[in-house]
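Chemist: Shown below is the structure under consideration.
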Amino acid sequence: MNVHEHQAKALFKSFGVAVPAGALATTPAEAEDAAKALGTPITVVKAQIHAGGRGKGGGVKLAKSPAEAKQHASQILGMTLVTHQTGPQGKLVRSVYVEAGSEIARELYLALTLDRATENFAVIASTEGGMNIEEVAEHTPEKIHTELIDPVVGLQPYHCRKIARALKLDAPQTKKLEDFLSALFKLYIEKDCSLVEINPLVVTKQGDLFALDGKLNFDDSALYRHPDIAALRDPEEEDPRERAAKEIDLAYVGLDGEIGCMVNGAGLAMATLDAITVNGGRPANFLDAGGGADKEKVKEAFKLILRDENVKAILVNIFGGIVRCDLIAEGVVAAAAELAVKVPLVVRLQGTNAEEGRRILAGSGLNITPAETLAEAAEKAVAAAKGK
Amino acid sequence: MAILAGKHTRLIVQGMGKMGQFHAKLSLEYGTAVVGGIHPGKGGTKIDGIPIFDTVLEAKEATGANASVVFVPPPGAADAILEAVDADLDLVACITEGIPAIDMAKAKRAMKGKRTRLVGPNCPGVVVPNQCRIGIMPAKITRPGPVGVVSRSGTLTYEAVDQLSRLGIGQSTCLGIGGDPVIGTNFVDALALFEADPETKAVVMIGEIGGSAEETAAAFVKANMKKPVAAFIAGQNAPAGKRMGHAGAIIAGGKGRASDKMDALRAAGVAVSLSPATIGETLAKHARAVL
């Protein structure tokens, strides 16, 4: 789960990670008041959306007076911000964060995440702050320092000293980095983060360190023990179809093709998209109905698929292990009838109670194309979407 | 002989809830020695004829259990795994999906130096055709034979096994290693076991987007394997930055793409199936000489 920059910074602050002073504004007048209250000669007005690259898209602006902060806020609020992370449709800006400007001496990069290959936590640090870190990693990998942290032992002072050296910090700054990183690590563990990214981490002309930007991702699997974090979720930032899917406990990712898919299991669902593409079709979505799929869930899944107006055919691909094919078949029949599905429907049932499921489909009197294998199912769905 | 399990397996079930009970019964029907269930507070009772114990150690002492399958819900799953490790079982397969990554990273580190092998979490388990069923796989689609199957995905394991069985090619062991970022047995572990198993003549490996386990596996195949390997990577059409169902299936920071994994495998001499519908055929063709 992602949160906004202002939410991340509030969490940073509560854990003792240094951040600039700032306030959230949803109107230009509020932005002006916030800039006045901050009282610094320069303030920064920053669009709050769940995507990076905001500065390049015109979503971050410097203001030399509260009046200018107001003017910037009036431009940014309500704009559709397009960055390399939003996709071409962009994201509507609903709030801005007004922050105290600072005298920057150096911009560094710092991140904390789980290194899957070694199963340690990893601090990733670079002297090249403010840049796209993926590009730094590609062109100048020697400028990236990775420090692995044993998940049982945790962050130690020597880790911090090594990172400080890689970041070319002096002795007093090294001490400050130790405090900064310790606070950050505590936040990472206590709130079950999956990624903390600070780009840039700023060294001021006075030699202080603070997080000028902050990105926090949380482990979805751990949200059950963090109601405070779960409450930070901003549904407006999510694709409306993905949001609806989440509410009924389905994994859904919208794509831009014309074949709607309902599959059980994440791997098979991904593979179904691949099979459709190999056969010359284009999938409209990824949908994993999960292990608990039953009649009601199938109906909800169909509703979700049919919300997409591009859908010209639906492919149901079920390989029952935990899932019972007869229950899926009942759901398909009920959904097709109740929702008056007009697009062609190709259904492939295999595994637990598959024969019973096929009998239910055949006896329904509905126009459902059965398929035996995955290859056959994909071919038939692609042909159906092309009107053949 | 197979790998990880067989006729010698004496299985206990940790987490005798609805799902644990259902699959314990299916495993028993398949001929697996399900010798006990763990349900703290219910020790001394029986469920479906299976004796229930309060702790894993007690169950091991009373029944000679050497393997466990975990159905405990996420908040207690890492604890259940560590209890099985503490009891020094040979094998623990964790089916539970949705264990916090930090819990698993810590549990994995705590297992270092211990003898117990973990399979999963978030996996369908292990089936040795006609011998032993641990977990949730529809064992009916399997048949005994020479091909080892290892996969990060549950239902896609079934798909591959079904394709092989339809071609008349049986399996030595079907193993789901799980779709989470931190797992017990990885591709390299499984490939090494299959390479050493005299009954296994060829291997099917099914990966997916996210992480670099497939690239590591490719390097292992190139350096250490004589047996032919066929592979499929799910998620060739997955958009970047989106979590595709599994917690571990995400292309992040330009890493974990299917195309990179497929290239690495091809370079290691692995036959890569472009479509999930041709996994069986790809293996049959590639391993013709040994099957």
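The listed protein sequences derive, respectively, from chains L and R.
Taking numbering that gives the first Met the number 0, I'd label the letters of the first sequence as residues 0 to 387.
Taking numbering that gives the first Met the number 0, I'd label the letters of the second sequence as residues 0 to 290.
Ideal Cβ placement from N, Cα and C applies to all residues, glycine included.
Looking at residue 327/L: is its Cβ nearer than 8 Å to the Cβ of residue 297/L?
Modeler: Closer than 8 Å, so yes.
Chemist: At 7 Å on the CB atoms, spell out the chain L contacts of residue 207/R, in chain order.
Modeler: The answer, in chain order, is 266, 269.
Chemist: Checking 8 Å against the spacing of the C-beta atoms, do residue 79/R and residue 183/R come in under that value?
Modeler: No, they are not a contact pair.
Chemist: Is there at least one Cβ from chain R nearer than 8 Å to residue 263/L's Cβ?
Modeler: Yes, its Cβ sits closer than 8 Å to a Cβ of chain R.
Chemist: Roughly how many angstroms separate the alpha carbons of residue 367/R and residue 2/R, rounded to a whole number?
Modeler: Absent from the model: residue 367/R. The displayed extent of chain R is 0 to 290, so no value can be given.
Chemist: What residue does the alpha helix (DSSP H) around residue 27/L start on, and which one ends it?
Modeler: Here the alpha helix (DSSP H) through residue 27/L covers 27-37.
Chemist: Can you tell me where the beta strand (DSSP E) with residue 146/L in it begins and where it stops?
Modeler: Segment 143-148, the beta strand (DSSP E) holding residue 146/L.
Chemist: With a threshold of 16 other CB atoms inside 10 Å of the CB of residue 152/L, please say whether the residue is buried or exposed.
Modeler: With fewer than 16 other Cβ atoms within 10 Å, it is exposed.
Chemist: Under 8 Å between C-beta atoms, does residue 388/L make it to chain R?
Modeler: Residue coverage of chain L in this structure runs from 0 to 387, which leaves residue 388/L outside it and unanswerable.
Chemist: Roughly how many angstroms separate the alpha carbons of residue 48/R and residue 40/R, rounded to a whole number?
Modeler: Approximately 17 Å, taken between the alpha carbons.
Chemist: Starting from residue 21/R, trace the alpha helix (DSSP H) in both directions and tell me its first and last residue.
Modeler: Residue 21/R -> alpha helix (DSSP H) spans 17-28.
Chemist: Taking only runs of the alpha helix (DSSP H) that begin and end inside the stretch 321-362 of chain L, which ones reach a length of at least 4 residues, in chain order?
Modeler: Counting whole runs of 4 or more residues, the stretch 321-362 of chain L contains the alpha helix (DSSP H) stretches 324-337, 353-361.
Chemist: Report yes or no: is there a C-beta of chain R within less than 8 Å of the C-beta of residue 337/L?
Modeler: Closer than 8 Å: no.
Chemist: So, for residue 289/R: in the same chain, excluding its five sequence neighbours on each side, which residues have a beta-carbon less than 8 Å away from its beta-carbon?
Modeler: Within the same chain, residue 289/R has close Cβ partners 145, 200, 201, 226, 227.
Chemist: Expressed to the nearest angstrom, what Euclidean distance is found between the alpha-carbon atoms of residue 219/L and residue 131/L?
Modeler: In a straight line, the C-alpha of residue 219/L is about 26 Å away from that of residue 131/L.
Chemist: Kindly provide the ranges of any beta strand (DSSP E) runs that are 3 or more residues long and lie completely inside the stretch 160-197 of chain R, ordered along the chain.
Modeler: The qualifying runs are 170-175.
Chemist: Taking the continuous alpha helix (DSSP H) assigned at residue 269/L, which residues delimit it?
Modeler: Note, residue 269/L: alpha helix (DSSP H), 265-277.
Chemist: In its own chain, which residues sit with a C-beta less than 7 Å from the C-beta of residue 267/L, not counting the 5 before and 5 after it?
Modeler: 316, 318, listed in sequence order.
Chemist: Residue 65/R to residue 90/R, Cα distance in whole Å?
Modeler: The straight-line gap from Cα to Cα measures roughly 7 Å.
Chemist: Can you tell which of 189/R, 107/R, 105/R has its C-alpha closest to the C-alpha of residue 124/R?
Modeler: When each option's Cα is compared against that of residue 124/R, the closest is 189/R.
Chemist: Which same chain residues end up closer than 6 Å to residue 3/L when comparing Cβ atoms and leaving out the 5 residues on each side of it in sequence?
Modeler: 47.
Chemist: Which residue or residues does DSSP assign as beta-bridge partners of residue 106/L?
Modeler: According to DSSP, residue 106/L bridges with 201/L.
Chemist: Can you find at least 3 beta carbon pairs, one from the stretch 3-21 of chain L and one from the stretch 180-200 of chain L, that sit closer than 8 Å?
Modeler: They touch, by the three-pair rule.
Chemist: Hey, could you find the ends of the alpha helix (DSSP H) residue 159/L is sitting in?
Modeler: Unbroken alpha helix (DSSP H) run through residue 159/L: 156-165.
Chemist: Is residue 112/L helix, strand or coil by DSSP?
Modeler: If DSSP states are grouped into helix, strand and coil, residue 112/L belongs with the strands.
Chemist: For the 8 Å Cβ check, are there 3 or more pairs between the stretch 293-307 of chain L and the stretch 328-346 of chain L?
Modeler: Counting Cβ pairs under 8 Å, three or more are found: they touch.
Chemist: Between residue 223/R and chain L, is any beta-carbon pair separated by less than 8 Å?
Modeler: Answer no: the Cβ-Cβ gap between residue 223/R and chain L never drops below 8 Å.
Chemist: Check whether the Cβ atoms of residue 94/R and residue 134/R lie closer than 8 Å to each other.
Modeler: Cβ atoms of residue 94/R and residue 134/R: closer than 8 Å.
Chemist: Does chain A have any CB closer than 8 Å to the CB of residue 163/L?
Modeler: In the structure shown, chain A does not exist; the protein chains are L and R.
Chemist: Taking DSSP's pairing of strands, which residues face residue 260/L in a bridge?
Modeler: Residue 260/L pairs with 314/L.
Chemist: With distance defined between alpha-carbon atoms, name the residue in 63/R, 52/R, 54/R, 100/R nearest to residue 73/R.
Modeler: Nearest C-alpha to residue 73/R: 100/R.
Chemist: For residue 276/R, go through chain L and note every residue whose CB falls closer than 7 Å to its CB, in chain order.
Modeler: Chain L residues near residue 276/R: 274, 372, 373, 374, 377.
Chemist: Applying a beta-carbon distance threshold of less than 7 Å, which residues of chain R neighbour residue 321/L?
Modeler: Chain R residues near residue 321/L: 135.
Chemist: With a threshold of 8 Å between beta-carbons, can residue 254/L be considered close to chain R, or not?
Modeler: Yes, contact with chain R.
Chemist: Spatial neighbours of residue 127/R within its chain, please: C-beta separation below 7 Å, excluding the five flanking residues on both sides.
Modeler: Result list for residue 127/R: 1, 4, 5, 172, in chain order.
Chemist: To the nearest angstrom, report how far apart residue 203/R and residue 151/R are at their CA atoms.
Modeler: Each residue's alpha carbon lies about 12 Å from the other.
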